[in-house]
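Student:
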Amino acid sequence: MSVAFWGWIFLAAYVAVMFYFGYVGLRRTTNADSYATARGSYSGPLLGLSFMAMIASGSTFMGMPGIAYESGFKAAYYPLLYPVGAYIGVMIVARRMKGSGDRMGSISVPDFLGDLFRSPILRALAALLSLFLIYYLMAQLAASGQMFETLFGISYQWGITIAMLIILGYMFFGGTHSDIVTDAVQGIFMLVIAVMVIGGFLIGFGVDGFGPGAVNAALAENMRWDVHTDPTGDSTFANWWVIVLLLVAHLGFVVQPHLGNKFFALRGTAQVRWFVVTSSLAGFTVSFLFLGGVLARAIGVNPGHSDAVMPALFIEMAPAWLAALLSVAILSAIVSSSDGLLMSISQIFANDLYRKTWVPWRGQDPDSPAVDRRSLLIGRAGVLVAGAIAVAAVWTPPELLAVWMWVGVGGMISSLTGPLFLGVWWRGATAPGALTGMLSGFGIYAALHLGPQFGLYAGAFPWNDNPFAATAVGMVTGLLGTCVGSVLTNNRTRTTNDVETPEHSRET
Numbered sequence: 001m002s003v004a005f006w007g008w009i010f011l012a013a014y015v016a017v018m019f020y021f022g023y024v025g026l027r028r029t030t031n032a033d034s035y036a037t038a039r040g041s042y043s044g045p046l047l048g049l050s051f052m053a054m055i056a057s058g059s060t061f062m063g064m065p066g067i068a069y070e071s072g073f074k075a076a077y078y079p080l081l082y083p084v085g086a087y088i089g090v091m092i093v094a095r096r097m098k099g100s101g102d103r104m105g106s107i108s109v110p111d112f113l114g115d116l117f118r119s120p121i122l123r124a125l126a127a128l129l130s131l132f133l134i135y136y137l138m139a140q141l142a143a144s145g146q147m148f149e150t151l152f153g154i155s156y157q158w159g160i161t162i163a164m165l166i167i168l169g170y171m172f173f174g175g176t177h178s179d180i181v182t183d184a185v186q187g188i189f190m191l192v193i194a195v196m197v198i199g200g201f202l203i204g205f206g207v208d209g210f211g212p213g214a215v216n217a218a219l220a221e222n223m224r225w226d227v228h229t230d231p232t233g234d235s236t237f238a239n240w241w242v243i244v245l246l247l248v249a250h251l252g253f254v255v256q257p258h259l260g261n262k263f264f265a266l267r268g269t270a271q272v273r274w275f276v277v278t279s280s281l282a283g284f285t286v287s288f289l290f291l292g293g294v295l296a297r298a299i300g301v302n303p304g305h306s307d308a309v310m311p312a313l314f315i316e317m318a319p320a321w322l323a324a325l326l327s328v329a330i331l332s333a334i335v336s337s338s339d340g341l342l343m344s345i346s347q348i349f350a351n352d353l354y355r356k357t358w359v360p361w362r363g364q365d366p367d368s369p370a371v372d373r374r375s376l377l378i379g380r381a382g383v384l385v386a387g388a389i390a391v392a393a394v395w396t397p398p399e400l401l402a403v404w405m406w407v408g409v410g411g412m413i414s415s416l417t418g419p420l421f422l423g424v425w426w427r428g429a430t431a432p433g434a435l436t437g438m439l440s441g442f443g444i445y446a447a448l449h450l451g452p453q454f455g456l457y458a459g460a461f462p463w464n465d466n467p468f469a470a471t472a473v474g475m476v477t478g479l480l481g482t483c484v485g486s487v488l489t490n491n492r493t494r495t496t497n498d499v500e501t502p503e504h505s506r507e508t
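Residue 1 is where the sequence shown starts when you use the UniProt record's numbering, and the numbers rise one by one after that.
(1) Just checking, does the region 161-181 make contact with the region 290-302 on the three C-beta pairs under 8 Å criterion?
(2) Could you compute how far the alpha carbon of A142 sits from the alpha carbon of D372?
(3) I need the DSSP call for L488, collapsed to helix, strand or coil.
(4) Quick one, which of V409, P45 and S486 has its alpha-carbon nearest G423's?
(5) Round the Cβ separation of A282 and G187 to the nearest angstrom and send it over; I've been treating them as touching at under 8 Å.
(6) Can you tell me the Cβ-Cβ gap for A38 and H258, rounded? I've got them flagged as a contact below 8 Å.
(7) Answer yes or no: do I4 and F152 have a C-beta to C-beta separation smaller than 8 Å?
(8) Determine the direct distance from the alpha carbon of M104 to that of V473, and round the result to whole angstroms.
(9) Quick check: the Cα distance between P65 and T477, rounded to an integer number of angstroms?
(10) Drop a sphere of 10 angstroms on the beta-carbon of V286, count the other beta-carbons inside from all chains shown, and report buried for 16 or more, exposed for fewer.
(11) Round the Cβ separation of L113 and A124 to the nearest angstrom and send it over; I've been treating them as touching at under 8 Å.
(12) Roughly how many angstroms separate the alpha carbons of Q364 and P110, rounded to a whole number?
(13) Quick check: what's the CA-CA separation for A194 versus N239?
(14) Could you give the distance in angstroms between the alpha-carbon of W425 and the alpha-carbon of V90?
(15) If you follow the alpha helix (DSSP H) that R373 is part of, which residue opens it and which one closes it?
(16) In angstroms with no decimal places, state the Cα-to-Cα distance between Y14 and F61.
(17) Verify whether the separation of the beta carbon atoms of Q140 and L341 is less than 8 Å.
(18) Please state whether DSSP places Y457 in a helix, a strand or coil.
(19) Going by DSSP, what residues sit across from L266 in a beta bridge?
(20) Would A32 and G410 qualify as a contact pair, given that the criterion is a beta-carbon distance under 8 Å?
(21) Here's the rule: buried if 16 or more other CB atoms are within 10 angstroms of the residue's CB, otherwise exposed. What is S235?
(22) Please list the segments of the alpha helix (DSSP H) lying wholly inside the region 291-340, counting only runs of 4 or more residues, in order along the chain.
(23) Short of 7 Å in beta carbon distance, which residues of its chain neighbour S346, apart from the five on each side in sequence? Order them along the chain.
(24) At the level of alpha carbons, what is the spacing between L11 and V328?
(25) Would DSSP call E507 helix, strand or coil?
(26) Report yes if the CB atom of V24 is closer than 8 Å to the CB atom of V181, and no otherwise.
(27) For V499, collect the residues of the same chain with a Cβ closer than 6 Å to its Cβ; drop the 5 residues on either side in sequence, then sort them by chain order.
(28) Exposed or buried, what is F454 when buried is set at 16 or more other beta-carbons lying within 10 Å of its beta-carbon?
(29) From what residue to what residue does the alpha helix (DSSP H) around P366 run?
(30) Using C-beta distances below 8 Å, list every residue in its chain close to A265, excluding the 5 sequence neighbours before and after it, in chain order.
(31) Would you kindly report the start and end of the unbroken alpha helix (DSSP H) that includes L151?
(32) Pop quiz: Y78 and G408 are said to be a contact at Cβ under 8 Å. What is the actual Cβ separation, rounded to whole angstroms?
(33) Distance, Cα to Cα, A76 vs F290?
(34) Is the CB-CB distance between L326 and M147 below 8 Å?
(35) Exposed or buried, what is F461 when buried is set at 16 or more other beta-carbons lying within 10 Å of its beta-carbon?
(36) Is it buried or exposed, E149, if we count other Cβ atoms within 10 angstroms and call 16 or more buried?
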């Protein structure tokens, strides 16, 4: 039997499991808050696996191996540095966000910032900037379409449609409960795949000789492990400076709304340690999946499209049933980010803009049962609308998902890192300072990267072509902007700013 035949069987089983957990999520959803956050419901290890799956996404399983297939071993700097930066960021803010967010009843990252600084303007602006999540969702959806095309032989357009219908099938009803539990299961699949790929690389599967040395010898000279930079080629690895900025840019990865709000689902701050340990160890393990792209290049796999190199490698390495199982597991990895992104985008409208901005502006009670019901309805409708927009936006497949998605991710990291990181730790941070940091960080990122990407002007290399380098500069600018703006506007003493009572005294 063919890979496609086995693939449909495993896909049907996978969908059945996801829909079951969607039903479980529905049973656990009682109001808008439980739909959006699953507050206080899960242990550190389970949520850690889920969190790793959300971070890993289609980029880790398709985009990064695709870059490694094109660039060789130098591409290792991306997958090996990003988890270091991302989980350092988690350790900086997780415990304080959990304690403060639960007490204030925050639902999302923009909501947390608005509550922390007592600033509706800050909440609304952060929510609008968070709409850049749609770029991230588009990248994940495009990856799923390519997986369907490679594995099942159906068109890319049918692939993205089926993938979105699967996600909507369990997310519409179960919300964040479904998101967390399904992602934890998918995280286990990811670890199994990572171990198999690492094993294939270590034995030198498919190349003449044995071991990593044989794989290295089978590569072109400019792809081998003694070549670290590419001054005339890929701007991601142009020099050591931009490689270091890969790590710096990911320090703020946690500020993305679909990641930052997951801390609220922990069963108390005591679970934060286990959450960090589980997610970081698992995340670092799956980062070695880039070796699949290197191995595929060494043995001469021709995927047709670089982002599809992993399923093509499995078809080359394994019997039909196992190749299909592994490919469906990759599809589950892509879905594990898409569902959380859908939820976060829907909550921008349901909570950040409607419940916490529009309702108080109208002089109504945001905690009333009627508002809660409407917020839940808007959240579920938002999942459907965001899904439809994402499908339409990637109807024509984009190139190199790992870089493309950073057009949006970089904007959020540049703008939100300064206010969030300084806000939870520094008593002197003020709402005007946070607004200054948010706008300056995003402005620098837009000037360095978005303007050239949209064809408005040429820009300066590598910032115009390298989203990671531009993000790092934008993030540092946001931190400095928050600091300077707070110093200039902090003309009276704040009452408190610690884990127990962190609300800021200055209002906007």
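All C-beta atoms, glycine included, are put in the ideal place defined by N, C-alpha and C.
Tutor: Straight from the coordinates:
(1) These segments do not touch.
(2) If you take the alpha carbons of A142 and D372, they lie about 34 Å apart.
(3) Correct three-state label for L488: helix.
(4) The shortest C-alpha separation from G423 is found at S486.
(5) The beta-carbon separation of A282 and G187, rounded to 6 Å, stays under the 8 Å limit for a contact.
(6) Actually they are not in contact, since the Cβ atoms of A38 and H258 sit about 13 Å apart, beyond 8 Å.
(7) The sequence shown places Ala at residue 4, not Ile. Yes, these two residues count as a Cβ contact at 8 Å.
(8) Straight-line Cα distance between these residues: approximately 32 Å.
(9) One Cα belongs to P65, the other to T477, and the distance between them is close to 31 Å.
(10) V286 should be labelled buried.
(11) The pair is not a contact, with the Cβ atoms about 10 Å apart (cut-off 8 Å).
(12) The straight-line gap separating the alpha-carbon atoms of Q364 and P110 is approximately 20 Å.
(13) Put simply, the backbone Cα of A194 is about 28 Å away from that of N239.
(14) Straight-line Cα distance between these residues: approximately 14 Å.
(15) Annotation: the continuous alpha helix (DSSP H) that includes R373 extends over P369 to A393.
(16) Y14 and F61 have their C-alpha atoms roughly 18 Å apart.
(17) Judged by beta-carbon spacing, L341 lies within the 8 Å limit of Q140, meaning their Cβ atoms are closer than that value.
(18) Y457: coil per DSSP, three-state reduction.
(19) For L266, which the question treats as bridged, DSSP gives the partners Y42.
(20) Taking 8 Å as the Cβ cut-off, A32 and G410 do not qualify as a contacting pair.
(21) Burial is judged here by how many other beta carbons sit within 10 angstroms of a residue's own beta carbon; S235 has at least 16 and is buried.
(22) Annotation: the region 291-340 contains the following complete segments of the alpha helix (DSSP H) (minimum length 4 residues), in chain order: 309-317.
(23) Leaving aside the five residues that flank S346 on each side, the residues in its chain whose CB is nearer than 7 Å to its CB run, in chain order, G379, G382, V383 and A386.
(24) Approximately 6 Å, taken between the alpha carbons.
(25) Bear in mind that a pLDDT of 44 at E507, under 50, signals an unreliable position, so the model cannot answer this.
(26) The answer is yes: Cβ separation under 8 Å.
(27) Because the pLDDT of V499 is 41, which lies under 50, any placement of that residue in the model is unreliable, and the question is left without a value.
(28) F454 comes out exposed.
(29) Neither: P366 is in no alpha helix (DSSP H) and is coded neither H nor E.
(30) For A265, where only same-chain residues beyond five positions count, the Cβ hits under 8 Å are T37, A38, R39, G40, S41, Y42, L47, T176 and I180.
(31) L151: member of the alpha helix (DSSP H) spanning L133 to F152, first to last residue.
(32) Between G408 and Y78 the Cβ distance is about 18 Å, and since that is not below 8 Å, they are no contact.
(33) Cα to Cα, the separation comes out at about 7 Å.
(34) Not in contact: L326 and M147 (Cβ atoms no closer than 8 Å).
(35) Counting the other CB atoms within 10 Å of its CB gives F461 a total below 16, which places it among the exposed residues.
(36) Looking at its Cβ environment, which holds 16 or more other Cβ atoms inside 10 Å, E149 is buried.
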